[in-house]
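Numbers in this note's numbering are just positions in the sequence shown, counted from 1, shifted up by 62.
Note that CB positions come from ideal geometry on N, CA and C, so glycine has one too.
Structure first, commentary second.
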Amino acid sequence: MRVLVGGGTGFIGTALTQLLKARGHEVTLVSRKPGPDRITWDELATSGLPRCDAAVNLAGENILNPLRRWNETFQKEVLSSRLETTQILARAINKAPQPPQAWVLVTGVAYYQPSLTVEYDEDSPGGDFDFFSNLVTKWEAAARLPGESTRQVVVRSGVVLGRGGGAIGHMLLPFRLGLGGPIGPGHQFFPWIHIRDLAGILTHAVEASHVQGVLNGVAPAPTTTNAEFAKAFGAALSRPAFIPLPSVVVQAVFGRERAVMLLEGQKVVPRRTLATGYQYSFPELGAALKEVVA
Numbered sequence: 063m064r065v066l067v068g069g070g071t072g073f074i075g076t077a078l079t080q081l082l083k084a085r086g087h088e089v090t091l092v093s094r095k096p097g098p099d100r101i102t103w104d105e106l107a108t109s110g111l112p113r114c115d116a117a118v119n120l121a122g123e124n125i126l127n128p129l130r131r132w133n134e135t136f137q138k139e140v141l142s143s144r145l146e147t148t149q150i151l152a153r154a155i156n157k158a159p160q161p162p163q164a165w166v167l168v169t170g171v172a173y174y175q176p177s178l179t180v181e182y183d184e185d186s187p188g189g190d191f192d193f194f195s196n197l198v199t200k201w202e203a204a205a206r207l208p209g210e211s212t213r214q215v216v217v218r219s220g221v222v223l224g225r226g227g228g229a230i231g232h233m234l235l236p237f238r239l240g241l242g243g244p245i246g247p248g249h250q251f252f253p254w255i256h257i258r259d260l261a262g263i264l265t266h267a268v269e270a271s272h273v274q275g276v277l278n279g280v281a282p283a284p285t286t287t288n289a290e291f292a293k294a295f296g297a298a299l300s301r302p303a304f305i306p307l308p309s310v311v312v313q314a315v316f317g318r319e320r321a322v323m324l325l326e327g328q329k330v331v332p333r334r335t336l337a338t339g340y341q342y343s344f345p346e347l348g349a350a351l352k353e354v355v356a
């Protein structure tokens, strides 16, 4: 298949591109800079969709970049980097003389309201209680296509664990030094997924003609709290992991509204993802972390 990947140069995009190519597909990236096997967002907006069998959008500014202050300017960048790229792709698909068979968007589990008791599957309500849940609602709405000619899939991803990027990139040094531990109270849920499985679910969504609608991109392991994650990460590195990162520090670095993403969590299960027949490479946290730090 010919697969077009928006935002394909990042952490998830690189893993997805490698997997798609390994499975014999051709990949064209949409990025800000031109290059081989790439088109730019401007070219896509002006010239329309190149011929492809599937399109995937991963584009979006890193929300949890600790070097960026959580102010109005950055909030606008977070919104526009997701909504505008999704709208450009959706528009191009809609106008294409030969639309692709599949259109896949990655959003986030921030759609679901943090809770210490509620369990969320793909049919659970959400999307209307804070900046991030509203962002997911707008983002998914921007992707919607009229008609039935293209299968539409939304993957709501948890925290992505993988070597050389994502959440682990920020956490590795303090944990290696034995300075890691739970964030804030530690009893908040921590929905996670290994990068190989997120790339796997996206490839499954591209290839399997029966997959459509919302899939939760989280591991099927018994749901993990932040404290359990910290303990397992410390064990994978053979280091202690009991020094908590106080809530006030997290709020000072990230801002109160953004800190919610780290200090509160959702218990999310991939009911529909499993029902589509996807088989996880890393269903359990211990094995996932061992692979990441090996």
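### Task
Classify N196 as helix, strand or coil using the three-state DSSP reduction.
Reading the sequence shown from its first residue, position 134 is the one you call residue 196. N196 falls in the helix class under three-state DSSP.
### Query
What is the rounded straight-line gap between the Cα of I101 and the Cα of Y182?
For the purposes of this step, residue 101 is taken as the residue at position 39 of the sequence shown. For the purposes of this step, residue 182 is taken as the residue at position 120 of the sequence shown. Looking at the two C-alpha atoms, the distance is approximately 38 Å.
#### Entry: Integer Cβ distance of S219 from I255, believed to fall under 8 Å
On the sequence shown, residue 219 is found 157 positions in, with the first residue counted as 1. On the sequence shown, residue 255 is found 193 positions in, with the first residue counted as 1. Contact flag correct, Cβ pair sits at about 6 Å.
### Task
Sort out for me which residues DSSP pairs T90 with in a bridge.
As a first step, residue 90 must be located in the sequence shown, where it is residue number 28. In the DSSP output, where bridge partners are listed per residue, T90 has L66.
### Task
Rank A117, P176, D104 and G317 by C-alpha distance to the C-alpha of E88 and give the top, closest one.
Position 26 of the sequence shown holds residue 88. Selected option, being the one with the closest Cα: A117.
### Task
Look up S23 in the DSSP assignment and say whether it is helix, strand or coil.
Here the chain covers residues 63 to 356 and nothing more, so residue 23 does not appear.
### Message
I need the DSSP call for H272, collapsed to helix, strand or coil.
### Response
As a first step, residue 272 is located in the sequence shown; it is residue number 210 there, counting from the start. It is coil, neither helix nor strand.
### Rounded C-alpha distance that separates V315 from A158
Position 253 of the sequence shown, counting from 1, holds the residue named residue 315. Position 96 of the sequence shown, counting from 1, holds the residue named residue 158. Distance between the alpha carbons of V315 and A158 is about 44 Å.
### Message
What would DSSP say about H249, mapped onto helix, strand or coil?
### Response
Counted from its first residue, the sequence shown places residue 249 at position 187. Note: H249 maps to coil in three-state DSSP.
### Query
If you run the structure through DSSP and keep just helix, strand and coil, what is R206?
Looking up residue 206 in the sequence shown gives position 144. In this structure, R206 counts as coil in the three-state DSSP scheme.
### Message
Between which two residues does the alpha helix (DSSP H) holding S142 run?
### Response
Locating residue 142 in the sequence shown gives position 80, where the first residue counts as 1. Taken as a continuous stretch (DSSP letters only), the alpha helix (DSSP H) holding S142 covers E134 to K157.
### Task
Tell me where the beta strand (DSSP E) around S219 begins and ends.
The residue labelled residue 219 in the question sits at position 157 within the sequence shown. Its beta strand (DSSP E) spans residues R213 to S219.
### Task
Pick helix, strand or coil for K352, following the three-state DSSP scheme.
Locating residue 352 in the sequence shown gives position 290, where the first residue counts as 1. Three-state DSSP puts K352 in a helix.
### Message
Tell me which residue opens and which closes the alpha helix (DSSP H) that L167 is part of.
### Response
By one-based count along the sequence shown, residue 167 stands at place 105. Not the alpha helix (DSSP H): L167 falls in the beta strand (DSSP E), residues A164 to G170.
### Task
Compute the Euclidean distance between the alpha carbons of Q214 and L66, then round it to the nearest angstrom.
Translated into the one-based positions of the sequence shown, residue 214 becomes position 152. Translated into the one-based positions of the sequence shown, residue 66 becomes position 4. Taking the straight line joining both Cα atoms gives about 14 Å.
### R334 beta carbon less than 8 Å from that of E202
Counted from its first residue, the sequence shown places residue 202 at position 140. Counted from its first residue, the sequence shown places residue 334 at position 272. Cβ atoms of E202 and R334: not closer than 8 Å.
#### Entry: Of the listed residues G240, R206, V280 and N288, nearest to G296 (C-alpha basis)
As a working mapping, residue 296 is identified with position 234 in the sequence shown. For G296, the nearest C-alpha among the options comes from G240.
### Message
Taking 7 Å as the limit between beta carbons, can you name the residues of its chain near F252, skipping five residues before and five after?
### Response
Within the sequence shown, numbered from 1, the residue matching residue 252 stands at position 190. Within the same chain, F252 has close Cβ partners V221, T286, T287, N288, F291 and G327.
### Minimum C-alpha distance to S93 - residue among L351, G70 and V168
In the sequence shown, the residue the question calls residue 93 occupies position 31. Here the closest residue by C-alpha is G70.
### Task
Assign T179 to buried or exposed, taking buried as 16 or more other Cβ atoms, counted over all protein chains shown, within 10 Å of its Cβ.
Within the sequence shown, residue 179 is the residue found at index 117, counting from 1. Exposed is the call here.
#### Entry: Backbone CA spacing between I200 and S300 [nearest angstrom]
Here residue 200 corresponds to residue number 138 of the sequence shown, with the count starting at 1. Here residue 300 corresponds to residue number 238 of the sequence shown, with the count starting at 1. Note on residue identity: the sequence assigns Lys, not Ile, to residue 200. Spanning the two alpha carbons is a distance of roughly 42 Å.
### Task
In the DSSP assignment, find the unbroken alpha helix (DSSP H) run with I255 in it and report its ends.
For this step, residue 255 is matched to residue 193 along the sequence shown. Taken as a continuous stretch (DSSP letters only), I255 belongs to no alpha helix (DSSP H), being part of the beta strand (DSSP E) at W254 to H256.
### Query
For Q80, which residues from the same chain have a beta carbon less than 8 Å from its beta carbon, with the 5 sequence-adjacent residues on both sides left out?
Numbered from its first residue, the sequence shown carries residue 80 at position 18. Hits under 8 Å: A261.
### Query
Leaving out five residues before and five after T90 in sequence, what residues of the same chain have Cβ atoms less than 6 Å from its Cβ?
Mapped onto the sequence shown, residue 90 falls at position 28. Result list for T90: L66 and D99, in chain order.
### Task
Could you spell out the range, first to last residue, of the alpha helix (DSSP H) harbouring A294?
The residue given as residue 294 occupies position 232 in the sequence shown. It spans N288 to A298 - the alpha helix (DSSP H) in which A294 sits, taken as one unbroken run.
### Message
Within the continuous alpha helix (DSSP H) that includes R318, where are the two ends?
### Response
Here residue 318 is taken as the residue at index 256 of the sequence shown, counted from 1. R318 to L325 is the extent of the alpha helix (DSSP H) around R318.
### Message
Quick check on the burial criterion: 16 or more other C-beta atoms within 10 angstroms. Buried or exposed for G246?
### Response
Mapped onto the sequence shown, residue 246 falls at position 184. Per the 10 Å Cβ criterion, buried.
### Task
Take the Cβ of S211 as the centre, count every other Cβ of all protein chains shown within 10 Å, and call the residue buried at 16 or more, exposed below.
The residue you call residue 211 lines up with position 149 of the sequence shown. It counts as exposed.
### Message
Need the endpoints of the alpha helix (DSSP H) that T102 sits in, please.
### Response
In the sequence shown, residue 102 corresponds to position 40, counting from 1. First-last for T102: R100 to T102, but that is the beta strand (DSSP E), not the alpha helix (DSSP H).
#### Entry: First through last residue of the beta strand (DSSP E) which encompasses A117
Mapped onto the sequence shown, residue 117 falls at position 55. A117 -> beta strand (DSSP E) spans A116 to N119.
### contact_flag[the region 121–136, the region 305–314] where n(CB pairs < 8 Å) is 3 or more
no
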